[in-house]
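>
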Amino acid sequence: MQANPFEDIYAVVSLIPSGRVCTYGAIANYLGSKGGARLVGWAMNASHASVDIPAHRVVNRNGVLTGKNFFGPGIMQARLESEGIRILDDKIQDFSKHFWDPSIELI
DNA sequence: ACGGTGACGTCTG
DNA sequence: ACAGACGCCACCG
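The numbering of the first sequence is our numbering, which starts it at 22 and goes up by one.
As structure tokens, this is what we get:
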């Protein structure tokens, strides 16, 4: 709802509840593909330093922890596991079950 | 000012 | 079924 797509992405990502994960495509789709999934990733890249943004809960369509390199070797996975999310080989297990869709949850 | 790149997604061959 | 290319917008050189 913000004029800047960045704030839009920040708002949605920061609204992701604990123990839930979201995908770039879902956020982009919720924003109306405003910029595409890439901008979502870019917003995360710019916010990776902001703890206010649970970027570790944002993964790609395959449920794979892609940008774990930015957080740290294992930090992202450990954080998700700490929230009750099972991860195997940097991949989220039961991803569909932990999937959090803003267009549905936020209405 | 311009081109290339980037934590992706979807279509076509 | 798998592989390759294209598309979206913003930031960096």
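C-beta: ideal position from N, C-alpha, C; glycine also.
Any idea what DSSP makes of K89, helix, strand or coil?
Stepping through the first sequence from its first residue, residue 89 is reached at position 68. Three-state result, K89: helix.
> Give me the residue from R107, L127, D111 and S124 with the minimum Cα distance to K118.
In the first sequence, counting from the first residue as 1, residue 118 sits at position 97. Checked all of R107, L127, D111 and S124; the closest Cα to K118 is R107.
> Is there contact between the stretch 38-50 and the stretch 77-94, where contact requires at least three CB pairs shorter than 8 Å?
Result yes; three or more Cβ-Cβ pairs closer than 8 Å.
> Residue range of the alpha helix (DSSP H) that R107 falls in?
Counted from its first residue, the first sequence places residue 107 at position 86. That residue, R107, is in no alpha helix (DSSP H); it is neither H nor E in DSSP.
> Looking only at its own chain, which residues have a Cβ that is under 6 Å from the Cβ of T87, when we skip the five neighbours before and after it?
Within the first sequence, numbered from 1, the residue matching residue 87 stands at position 66. Excluding positions up to five away in sequence, the list reads N81.
> Label L52 either buried or exposed according to how many other C-beta atoms from any shown protein chain fall within 10 Å of its C-beta, with 16 as the threshold for buried.
Here residue 52 refers to the residue found at position 31 of the first sequence. The residue is buried, with at least 16 neighbouring Cβ atoms inside 10 Å.
> Contact check, I37 vs P75 under 8 Å by CB: the rounded distance?
Taking the first sequence and counting its residues from 1, one reaches residue 37 at position 16. Taking the first sequence and counting its residues from 1, one reaches residue 75 at position 54. Going by Cβ atoms, the distance from I37 to P75 rounds to 6 Å, so yes, they are a contact pair.
> So what does DSSP say about I125, is it helix, strand or coil?
Counting from 1 along the first sequence, the entry for residue 125 is found at position 104. Here I125 sits in helix by DSSP.
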